[in-house]
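The sequence shown begins at 14 in my numbering and counts up by one.
The beta-carbon is built from N, C-alpha and C at its ideal position, and this holds for glycine as well.
In what follows, a single structure is set out as structure tokens and then discussed.
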Amino acid sequence: VELAHFWGALILLGVGWNFGFIGATAMLTDTYRTEEKSKAQGANDFILFGTVALASFASGQLLHGWGWGTVNAIVFPVVLLGLTALVWLARVERSRGAAA
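Written as structure tokens, this is what we have:
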């Protein structure tokens, strides 16, 4: 792997993380009343970043113990589940818009 590929992957990861985080936060706050939005967003951020910290430690141990292939085998089903949920949500929102 070339260093340029590594840097490119990190840049794409950062851009994807930012768009995903902003989009998910906007979707979250849309589900709460105005007076609940700040508490819901605070709880979400706490849970999210706590989970990210735990996942970072766990992935390091997983990589050290079982290798990169195992890390990918564990991550890809989670990513597919997330993508499936997003496609389902988009279809539900589209059908709601068409019905209105």
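- DSSP places Arg-107 in the uninterrupted alpha helix (DSSP H) bounded by 81 to 112.
- For Thr-38, the enclosing alpha helix (DSSP H) begins and ends at 16 to 43.
- With contacts defined by Cβ atoms closer than 9 Å, Val-84 and Leu-94 do not form a contacting pair.
- 9 Å or more divides the Cβ of Asn-31 from the Cβ of Leu-41.
- Taking C-alpha positions only, Gly-110 is separated from Ala-17 by approximately 43 Å.
- Between Thr-38 and Gln-54, the beta carbon gap of about 6 Å places them in contact (Cβ cut-off 8 Å).
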